[in-house]
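What follows is one structure encoded as structure tokens, with my remarks underneath.
Protein chains: 6
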Amino acid sequence: MKLSTRNTFKGTVKKIELGAVNAEITLEIAPGVEVVSIITKSSAERLSLAEGKEVYALVKATDVAIAVD
Amino acid sequence: MKLSTRNTFKGTVKKIELGAVNAEITLEIAPGVEVVSIITKSSAERLSLAEGKEVYALVKATDVAIAVD
Amino acid sequence: MKLSTRNTFKGTVKKIELGAVNAEITLEIAPGVEVVSIITKSSAERLSLAEGKEVYALVKATDVAIAVD
Amino acid sequence: MKLSTRNTFKGTVKKIELGAVNAEITLEIAPGVEVVSIITKSSAERLSLAEGKEVYALVKATDVAIAVD
Amino acid sequence: MKLSTRNTFKGTVKKIELGAVNAEITLEIAPGVEVVSIITKSSAERLSLAEGKEVYALVKATDVAIAVD
Amino acid sequence: MKLSTRNTFKGTVKKIELGAVNAEITLEIAPGVEVVSIITKSSAERLSLAEGKEVYALVKATDVAIAVD
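Order-wise, the sequence lines are chains L, W, B, H, X and F. All residue numbers for the first sequence refer to the UniProt record's numbering, where the first residue is 1 and numbers rise by one. All residue numbers for the second sequence refer to the UniProt record's numbering, where the first residue is 1 and numbers rise by one. All residue numbers for the third sequence refer to the UniProt record's numbering, where the first residue is 1 and numbers rise by one. All residue numbers for the fourth sequence refer to the UniProt record's numbering, where the first residue is 1 and numbers rise by one. All residue numbers for the fifth sequence refer to the UniProt record's numbering, where the first residue is 1 and numbers rise by one. All residue numbers for the sixth sequence refer to the UniProt record's numbering, where the first residue is 1 and numbers rise by one.
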């Protein structure tokens, strides 16, 4: 499957925190570089997410803001 | 300034493409790891973005989807 | 590949309009039901989108608002 | 009221799950076609959402990604 | 029509800039307070947007980030 | 720090509601004008948000929809 989503980061699940509706997933996509994702708890279960699992983080280009010092 | 935005990636501008309203900015945030951002052309000008400039890419956690093979 | 994205609609490309940076893609996901997507022009080219092609529209649950009359 | 939002789907509420801050709403917009929405719990209450209620799902075109097999 | 969208700002169109696919709309929602919106050009036409017109700006709560000095 | 984000509203925190994963923050950005934001609970803690604190609400232009009566 190919996606229009411009940004795809391969990573490993480091931490999962479950709420009532949502789940917060922390991935490591490079040594010392982490990405945090909020998805629904049912999606986390459907994807069988667990610490150590290899996953991809997907981000649309329009959802990336830029800052300068 | 501190941001609620969970994901902040320090990087360098590699490429800028300008449209009539939007601009597509490509950053390198680690060797071989690129992030593409679409912002308005007027923002790109206001931030004086240019190839080689050091910037930050900002992504809200709710804008990060996850995929598994 | 399985996605955390909750909403996946199978459809057919009906129309493609290209801008300088973005492309507007119209899909039909059911008889008389259309979905409009804005992606980058380079994504439209990378996916080889063309009228009549079978594709999927993906929407995160947090991006769906609800209205009542 | 007319909206800039390009995608409007008329549907019926099938299921509501409440969290502490958010609510997950499942709509049926065509036979066998469901849309899942996450809104705040206070919005779900303000709109008096309930199973069987007729509602609209609204999605901005920039929030629709596209995938191909 | 009532919306789940938590943030609704009444305002007046101050400026419209048209691109090939998108349009950038600037509203004034209070004396000296402006909101900029990017919508598709076809939406701007469908809503008959013009300088001086009274409109509403709608923003989902999950799309509002927070910063502190 | 300068941001590509087009919309920045200075305001004061009026109310904070905490869920398991998310927090709902209500700001007043002008007399009688409120903005509601959903951020992660850990971001609310990291920014030391509290009632009365001065903060900024940030919204990308592509996340602003427009409605007309």
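Positions of the beta carbon are idealized from the N, C-alpha and C atoms, including for glycine.
Within-7 Å CB hit, residue i to chain H
| i | result |
| --- | --- |
| T12(L) | no |
| A30(B) | yes |
Contacts of residue i in chain H (Cβ-Cβ under 7 Å)
| i | result |
| --- | --- |
| A65(F) | L3, S4, T5, K60 |
Residue i at chain L interface by Cβ criterion, 7 Å
| i | result |
| --- | --- |
| A23(F) | no |
| L47(W) | yes |
Amino acids of chain F, ordered along the chain, whose beta-carbon sits closer than 7 Å to that of residue i
| i | result |
| --- | --- |
| I39(W) | S4 |
Within chain B, partners of residue i - CB distance below 9 Å
| i | result |
| --- | --- |
| residue 76(W) | Missing from the structure shown is residue 76(W); chain W here goes from 1 to 69 and no further. |
Beta carbon proximity, residue i to chain B, threshold 7 Å
| i | result |
| --- | --- |
| A20(X) | yes |
Separation of residue j from residue i, as counted between CA atoms
| i | j | result |
| --- | --- | --- |
| V35(H) | I29(W) | 35 Å |
| V21(W) | T62(F) | 12 Å |
| L27(H) | V59(B) | 14 Å |
| A50(X) | G19(H) | 41 Å |
| A67(H) | S4(L) | 6 Å |
| L47(X) | R46(W) | 29 Å |
| P31(X) | R6(X) | 22 Å |
| E24(X) | V33(F) | 23 Å |
| K15(L) | S42(X) | 43 Å |
| V64(B) | I39(H) | 8 Å |
| K53(X) | Y56(F) | 28 Å |
| M1(H) | A44(X) | 14 Å |
| A37(F) | E17(F) | Checking the sequence, you will find Ser at residue 37(F) rather than Ala. The straight-line gap from Cα to Cα measures roughly 11 Å. |
| D69(F) | D69(B) | 13 Å |
The ligand ATP heavy atom lying under 6 Å from the CB of residue i
| i | result |
| --- | --- |
| L49(H) | Ligands displayed in this structure: none; no statement on the ligand ATP is therefore possible. |
Where residue i meets chain L, residues with beta-carbon distance less than 7 Å
| i | result |
| --- | --- |
| A57(W) | V64, I66 |
Closer than 9 Å at the beta carbon, the chain X residues around residue i
| i | result |
| --- | --- |
| E17(B) | A20, V21, S42 |
Short CB-CB distance (under 7 Å) between residue i and chain A
| i | result |
| --- | --- |
| V59(B) | Of the chains in the structure shown, none is chain A; the protein chains are L, W, B, H, X and F. |
Exercise. For the region 7-22 of chain F against the region 7-19 of chain B, are there 3 or more C-beta pairs whose distance is under 8 Å?
Worked result: With contact defined as three or more Cβ pairs closer than 8 Å, the region 7-22 of chain F and the region 7-19 of chain B are not in contact.
Exercise. Which ranges does the alpha helix (DSSP H) cover as unbroken runs of at least 4 residues, wholly within the region 32-57 of chain H, from first to last along the chain?
Worked result: For the region 32-57 of chain H, whole alpha helix (DSSP H) runs of length 4 or above, ordered along the chain, are 41-46.
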